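Undergrad: One structure follows; several queries about it will come next.
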Amino acid sequence: MSGSDNVRASISDALEAEVADAGHDQLSAEERIMLRNVLELRELRADDVMVPRADIVSADVNSTLGEVLAVFQKAGHSRLPVVRETLDEPIGFIHIKDILALMTKSATSGRRKKSDAEANKPIDLSKVDLGKTLAQAKVTREVLFVPPSMPAGDLLAKMQATRLHMAIVIDEYGGTDGLATIEDLVEEIVGDIEDEHDDASGPMIVPVSEGVFVADARMPLDEMQEALGDGFEVSEDVLEDVDTLGGLVFSQLGRVPVRGELVSIAGGYEIEVIDADPRRIKRVRIRKSMPADKRRGRVPGAAAAE
């Protein structure tokens with residue numbers, strides 16, 4: 015075993031010991047998740063972190079600036095890949111700030127640069143030609159092209175070195191397999207990064223039948239207690255280290271669970287993981303634990319009546 019493998023194994027063992035030594039945790043559940051994600055980053059490839067081809071939103075190089083602005087507004091992204099007719103002909107990417115800089119330059123053209131009076135005038139957007147195409151505007155930036163097998167850690171290092179924060183993942187036939195950004199890679203370590211454009215309007219918890227709920231794993235525990243009532247109990251010790259429903263499940267198991275895994279908690283509730291990936295829990299189903307005899311299709315007292 016190499017020196018780096020020894021260090022990696024030592025850190026992993028320390029995290030296991032931290033979980034086993036209940037009541038004396040020096041790290042929160044979220045901190046343990048991030049450390050594990052750092053260790054596991056070497057196991058991931060570009061195709062593990064990429065946005066699949068079917069979900070890519072792009073702009074055609076012959077689209078007008080007005081059309082591209084509409085795509086940005088609808089997608090809520092700050093960067094878009096630029097293609098020539100199809101996704102299999104990517105030529106770069108466009109950043110929204112480059113479009114805005116171009117528009118501002120056009121709107122302020124003809125002003126005397128050193129005149130305060132001119133500088134304080136409102137910009138004249140009527141000077142902006144939104145009919146100009148991306149090809150004519152010359153605002154497309156270079157993009158990285160990487161194979162699906164490229165290690166995620168190497169891709170992150172390459173993005174940092176080249177200062178190019180978008181990569182097109184190319185399959186063995188030269189077609190576009192997916193797209194990865196530096197945000198996708200960072201999220202593998204710290205979890206979802208949401209900004210003001212991410213849709214958070216949906217309910218965090220939804221009742222699906224009597225006593226059964228489906229909840230977002232990011233739901234704060236205090237809100238969960240409020241939604242379910244006094245029966246949903248979380249100890250003060252747990253609340254000191256864990257803030258979310260997903261963190262509670264992780265703290266009970268000491269690891270990220272697989273889909274379908276069950277966790278029983280105080281108060282007679284059972285949590286089933288219904289959506290998760292190797293780095294985080296996404297959605298869970300919560301219900302009151304059913305007594306063992308009912309799970310077997312029996313009711314209390316049935317044996318005595320036979």
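In terms of this note's numbering, the sequence shown opens at residue 15 and continues consecutively. Just so it is clear, CB atoms sit at the ideal spot from N, CA and C, and this is done for glycine as well. Just so you know, these numbers come straight off a predicted model, no measurement behind them.
Can you list, in chain order, the residues of its chain with a C-beta nearer than 6 angstroms to that of His109? Leave out the 5 residues immediately preceding and following it.
TA: In chain order, Arg93 place their CB closer than 6 angstroms to the CB of His109, counting only its own chain and leaving out the 5 sequence neighbours on each side.
Undergrad: Check whether the stretch 217-232 touches the stretch 186-199, taking contact to mean three or more Cβ pairs, one atom from each stretch, closer than 8 angstroms.
TA: no
Undergrad: Taking the straight line between their C-alpha atoms, what separation do you get for Val272 and Ala28?
TA: 22 angstroms
Undergrad: I believe Ala194 touches Met64 by the beta-carbon criterion, under 8 angstroms. Please report the beta-carbon distance rounded to the nearest angstrom.
TA: 4 angstroms
Undergrad: What residue range does the alpha helix (DSSP H) around Gly274 cover?
TA: For Gly274, there is no enclosing alpha helix (DSSP H), as DSSP marks it with neither H nor E.
Undergrad: How is the beta strand (DSSP E) around Phe107 delimited, first residue to last?
TA: First-last of the beta strand (DSSP E) with Phe107: Thr100 to His109.
Undergrad: How should Ser163 be labelled, buried or exposed, when 16 other C-beta atoms within 10 angstroms of its C-beta is the threshold for buried?
TA: exposed
Undergrad: Have a look at Lys146 and Ile196 and give me their C-alpha separation to the nearest angstrom.
TA: Roughly 30 angstroms separates the two Cα atoms.
Undergrad: For the 8 angstroms Cβ check, are there 3 or more pairs between the stretch 154-168 and the stretch 133-144?
TA: no
Undergrad: Provide the residue span of the alpha helix (DSSP H) that contains Ile70, from first to last.
TA: Run containing Ile70: none; DSSP gives neither H nor E here.
Undergrad: Taking the C-alpha atoms as reference points, what is the distance between Lys88 and Gly80?
TA: 13 angstroms
Undergrad: Do you know how far the Cα of Ile182 is from the Cα of Glu224?
TA: Looking at the two C-alpha atoms, the distance is approximately 46 angstroms.
Undergrad: Provide the residue(s) that pair with Val97 in DSSP beta bridges, ordered along the chain.
TA: Asp74 and Pro104
Undergrad: Beta-carbon within less than 6 angstroms of Ala23's beta-carbon, same chain only, minus the 5 sequence neighbours each way: which residues are those?
TA: none
Undergrad: Which residue marks the beginning of the alpha helix (DSSP H) containing Arg46, and which one marks its end?
TA: Ala43 to Glu54
Undergrad: Going by beta carbon distance, what residues of the same chain come within less than 6 angstroms of Met180, once the five residues before and after it are set aside?
TA: For Met180, where only same-chain residues beyond five positions count, the Cβ hits under 6 angstroms are Arg93, Phe107, Val157 and Thr195.
Undergrad: Please identify the residue among Asp62, Leu178, Pro95 and Ser42 whose C-alpha is closest to the C-alpha of Pro161.
TA: Asp62
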